[in-house]
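The structure appears right after this line, and notes come after that.
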Amino acid sequence: MTMQISVDKTNPLFALGKNNKRAFFNGEVVLIGAGPGDVDLLTVRAYELIKQADVVIYDRLVSQDIMALVSEHAECIYVGKKSSDHALPQDQINSLLIEKAKQGKKVARLKGGDPFIFGRGGEEIQDLLKSGVHCRVVPGITAASACTSYSGIPLTHRDFVHGCTFITGHFKNNELDLPWKALARQDHTLVVYMGIKTAPLLAKSLIKNGLAPDTPVALVSNGTSEEHTSYRTDLLHLEEFVKENRIKPPTLIIIGRVVNALANELRNNEATFMVEHSC
Ligand code: SAH
1 MTMQISVDKT NPLFALGKNN KRAFFNGEVV LIGAGPGDVD LLTVRAYELI
51 KQADVVIYDR LVSQDIMALV SEHAECIYVG KKSSDHALPQ DQINSLLIEK
101 AKQGKKVARL KGGDPFIFGR GGEEIQDLLK SGVHCRVVPG ITAASACTSY
151 SGIPLTHRDF VHGCTFITGH FKNNELDLPW KALARQDHTL VVYMGIKTAP
201 LLAKSLIKNG LAPDTPVALV SNGTSEEHTS YRTDLLHLEE FVKENRIKPP
251 TLIIIGRVVN ALANELRNNE ATFMVEHSC
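Start counting the sequence shown at 1; every next residue gets the next number (our numbering).
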């Protein structure tokens, strides 16, 4: 059986050819991954599009250095939210994107990390397409890649793990309904976005389902920014560690043997690695 994929040939991008994907169209919305914070981690395409935008609708995790690239003539609208405190509800964000696009503006929807990884990019694209607004997504470096790279943690390493799973620790009604048995695996890396509040429950559930209490855990706060801090603990001590160190979002939690995969090399070699602010 062959799968049919329908492609919208009316999208102006088709008229452009390969080399012009850095051009913004009037009436287009581009969801742009702004990466984890360090401006150098933007893609070239993101960089070019941000500079051309007429309207920039941005979230809390978009760094000031990146906002500094926006044209002084652009209208900047902050719609950021903390997990429990929405500055603008999602449906209103979607309506705003549609409204600005229909005014013929070049609309950049700037999101921390990658728009399609816990970024609600999918929801926004659904509404834009339903409303007949041309849109596209520029991928960004997600927190999992950036925080681990800057902290000397390989997300996968053949000696330790066979896979890696990204989960969110933020759930409706504060209930973590996850396939714990499948997640509690020694040969797997688990990356938790938005997990600081639910870290105690997370640790308990993993241990209860068979993951060793001494499984290494890394926490990376404000990854790649000037305040980048990476911490090491283990699953058993995660709850008290978070409390004692008053760890706050944005923090990424990495659970698994890869956390210490390079520990010896990082400590005992003359050659330097980029870790600067770790404890
Ligand atoms: N779309 C984003 C994720 C948004 S969810 C991405 O792809 O990275 C927000 C969560 O991502 C935060 O609570 C935190 O867990 C993680 N996060 C995002 N940026 C981070 C950073 N610079 N440092 C640490 N964690 C980060």
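For each residue, glycine too, the CB sits at the ideal point set by N, CA and C.
For residue 269, the distance from the CB to the nearest heavy atom of the ligand SAH is not below 8 Å. Put simply, the region 111-121 touches the region 31-39. At least three CB pairs are less than 8 Å apart.
For residue 98, the uninterrupted alpha helix (DSSP H) segment begins and ends at 90-102. DSSP places residue 200 inside the alpha helix (DSSP H), whose first and last residues are 199-208.
For residue 108, the uninterrupted beta strand (DSSP E) segment begins and ends at 107-111. One Cα belongs to residue 206, the other to residue 75, and the distance between them is close to 46 Å. Annotation for residue 220: 147, 151, 230 and 252 place their beta carbon closer than 6 Å to its own, counting only its chain and skipping 5 residues before and after. Under the DSSP assignment, residue 212 falls outside any beta strand (DSSP E); it carries neither an H nor an E label.
Judged by DSSP in its simplified three-state form, residue 25 adopts coil rather than helix or strand.
By alpha-carbon distance to residue 72, the top candidate from 58, 149, 215 and 54 is 54. Its chain contains 34, 110 and 112 as the residues whose beta carbon lies nearer than 6 Å to that of residue 62, once the 5 sequence neighbours on both sides are disregarded; these appear in chain order. Annotated three-state conformation of residue 196 is coil, per DSSP. For residue 234, no alpha helix (DSSP H) segment is defined; the enclosing uninterrupted segment is the beta strand (DSSP E) at 229-234. Between the region 177-194 and the region 156-163, the count of Cβ pairs shorter than 8 Å is three or higher; the stretches touch. Assignment of residue 176 by DSSP, reduced to helix, strand and coil, places it in the coil class. Proximity of the region 125-134 to the region 41-61 falls short of the contact definition, fewer than three beta-carbon pairs being nearer than 8 Å.
For residue 129, there is no enclosing beta strand (DSSP E); the enclosing alpha helix (DSSP H) has its first and last residue at 121-130.
Closest option to residue 239, judged by alpha-carbon separation, among 46, 107 and 204: 204.
With a cutoff of 9 Å on beta-carbon distance, residue 169 and residue 197 are scored as near each other. Not one heavy atom of the ligand SAH sits closer than 8 Å to the Cβ of residue 203. Beta-bridge partners assigned by DSSP to residue 251: 221. Scanning its chain for C-beta atoms nearer than 6 Å, with the 5 sequence neighbours on each side dropped, one finds around residue 27 the residues 101 and 104, in chain order. Here the C-alpha atom of residue 120 lies approximately 17 Å from the C-alpha atom of residue 195. In its chain, beyond the 5 residues on either side, no residue has a beta carbon closer than 6 Å to the beta carbon of residue 267.
The closest CA to that of residue 48, considering only 125, 223, 108 and 155, is found on 108.
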